[in-house]
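Quick note on the working numbering: the sequence shown kicks off at 4 and runs consecutively.
C-beta: ideal position from N, C-alpha, C; glycine also.
This structure is a prediction, so every number in the text was calculated from the model and none was measured.
Report on one structure; see the data block that follows.
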Amino acid sequence: TTVAAAAVASSQPTATARQGGSLRDIKLLLLAGMVALGCVALELHCDGRLKEALSTVPEFDEALIDSSPDTFSWRNSRKHLVDLTGIGPRVVGSKENEVDAVHMIRNALSAIQPRAGCVVETDIQRVSGSFHHEGFLGGFTSVYSDVSNVIAKISWPEAGGESVAGDPAQPTPPAVLVNAHFDTAAGSPGASDDGVGIATMLEIARVLANGPALRRDVIMLFNGAEESNQQGAHGFITQHPWANELGVVVNLEALGSGGRMHLFQCNSARVARLYGHTTLQPYGSVIGHELFRHFLWRTAATDYKTFLDYGPPGLVGFDNAYIDQGHVYHTTHDNNAHVSDESLQHTGLTLLSFLRGLDESSAGFDSPPVSETEVDGGGVFFDVLHIWWITYSFSTMIMLHTVVGLAGAFVTLWAFNNRYTEAASAVGAEFATLLSAILSAASVGLVCTVVAP
């Protein structure tokens, strides 16, 4: 009896410990579930704010859109999108791409009636060439013949003259390039990839031609060969005379359909900062930039990389894309039904606000960077709940990572050396695990920044 009682007594602490561990696991699972539900709720809330915000800005008011020629209209953009997707899939080399889509875009540009002082020039480029994709899909040489580009140049000669009249030695501000492609993947109508980009640019061209004069020219490349590995972009940036005038590039892409445009590549902290300051509900993250910079460029690329690789030295800019509803990407389901009116309006306002903000900015955009050190890789940028936009340099990032790493190491040592009670030990271990994860991510980021090419 005495032995049995002792055995029972000795087993009670073990059973209690097990019960405590199980209870702790349940609490952690509940906490994880609450965090996951909170993230879903926040995302739904942010998506709802897109409609709320666009329904309250003047640009979304029907009466104002109908009466103001220099206001972006999603209705006009929608009409262009319907006209373009109505052609059907537009594979490079097909009649739909080389003839029908080119005529549709050229006719839309010809219908623009610019106000006095604004000049809209158009050019149809049929270009041939070749270039080597080093490392991309194992490396290969791309050869192309007579691919089609439609190019529009919007300029304000009088405004440009006034901006440099006081100092004849000061060069005219470099032009900004806006690019989207009208070709599609085989079998896809390409509403988001990249019909929305084309439709947005056509409406932006109309708005700029009827709005206040800008100091810098805006060159719009309606690109006819992106899905064939950026052949249209290469033909323009290496052979068209307007390519030599560029200082800033904006690329419109899609990896999904609808929602907000997501900034996922940017090679200048100045550009990233300006984007956040001018954009309605900015959306983006440096994570995409680092993935494309170090890994994804071997299996996926956009025109943005081609512009930077073959364009004028010091070219800066960003790449943004739709990422919602990724299941429709490059499929027959990439149609107009998956592109909301709010998405069209948000895309137009984002681009228009950036172009006007770029023209008004004093952040050194009036002359291209003259050295590679000025093209700083974009620094770190990300949004918080689509409300706040955070941007800081790589040097600041290294400092923050160092501080977090040292703090993580300190707390980890404290947790393992100061186990005063079981509860304190558990809390310390969990906190140490969290900081260790942050430390690991910071270490990887630091290595990529310092070591990787």
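Delimiting residues of the beta strand (DSSP E) encompassing residue i
i	result
Phe134	Val122 to His136
Val181	Ala178 to His184
7 Å Cβ cutoff met for residue i and residue j
i	j	result
Asp197	Ala246	no
Asn226	Asn182	yes
Leu355	Ile207	yes
Gln348	Ser260	no
Val105	Val153	yes
Gly250	Pro192	no
Ala194	Asp306	no
Phe397	Gly408	no
Val122	Ile115	no
His459	Ala324	Here the chain comprises residues numbered 4 to 456, so residue 459 is not present and cannot be evaluated.
Phe134	Ser148	no
Phe75	Val274	no
Ala162	Arg218	yes
Gly462	Gly238	Since the first residue shown for the chain is 4 and the last is 456, residue 462 is missing from the structure and cannot be characterised.
Leu87	Ile201	yes
C-alpha gap between residue i and residue j, whole angstroms
i	j	result
His184	Tyr332	15 Å
Val406	His389	27 Å
His280	Lys98	42 Å
Val95	Gln234	10 Å
Val199	Leu84	6 Å
Phe143	Glu248	30 Å
Val252	Leu403	30 Å
Ala119	Ala303	43 Å
Pro285	Met107	31 Å
Gly164	Ile157	Per-residue confidence for Gly164 stands at a pLDDT of 43, beneath the threshold of 50, marking its modelled position as unreliable; the derived number appears in the next sentence. Taking the straight line joining both Cα atoms gives about 15 Å.
Ala426	His292	Because the pLDDT at Ala426 is just 49, under 50, the model does not fix this residue reliably, and the value given afterwards should be weighed accordingly. The alpha-carbon atoms of Ala426 and His292 are separated by roughly 42 Å.
Ala168	Val387	With a pLDDT of 39 at Ala168, under the threshold of 50, the modelled position of that residue is not reliable, and no figure is offered here.
Met204	Phe384	25 Å
Phe295	Met400	19 Å
Ala216	Phe413	57 Å
Phe310	Pro316	10 Å
Ser364	Thr125	27 Å
Ala536	Lys82	Nothing about residue 536 can be read from this structure; the chain reaches only from 4 to 456.
Asn100	Leu283	33 Å
Thr335	Gly190	6 Å
Val319	Asn254	11 Å
Leu180	Leu40	41 Å
Ile326	Val342	12 Å
Arg93	Ile393	39 Å
Asp73	Asn339	25 Å
Gln128	Gly287	33 Å
Ser231	Ile29	52 Å
Thr350	Leu416	49 Å
Gly360	Leu277	7 Å
Tyr395	Ala272	7 Å
Phe321	Gln268	5 Å
Ser346	Gln242	34 Å
His136	Leu224	22 Å
Pro117	Phe357	21 Å
For residue i, three-class secondary structure by DSSP
i	result
Ser76	coil
Asp220	coil
Phe385	strand
Ile157	strand
Ser398	helix
Val462	Because the chain in this structure spans residues 4 to 456, residue 462 falls outside the shown range and cannot be described.
Ile115	coil
Glu165	Confidence in Glu165 is poor, its pLDDT being 42 and thus under 50, which makes the residue's placement too unreliable to answer from.
Arg81	helix
Thr88	helix
Ile108	helix
Ile393	strand
Ser145	strand
Ser195	helix
Opening and closing residue of the alpha helix (DSSP H) in which residue i lies
i	result
Val199	Val199 to Asn213
Exercise for the section: Could you tell me which uninterrupted beta strand (DSSP E) segments, each at least 3 residues in length, are contained entirely in the stretch 314-376, listed from first to last along the chain? Expected result: Complete beta strand (DSSP E) runs here, min 3: 319-325.
Exercise for the section: Only counting runs of 3 or more residues, tell me where the beta strand (DSSP E) segments fall wholly within the stretch 225-286, in order along the chain. Expected result: Whole beta strand (DSSP E) segments, 3+ residues: 249-257 and 264-269.
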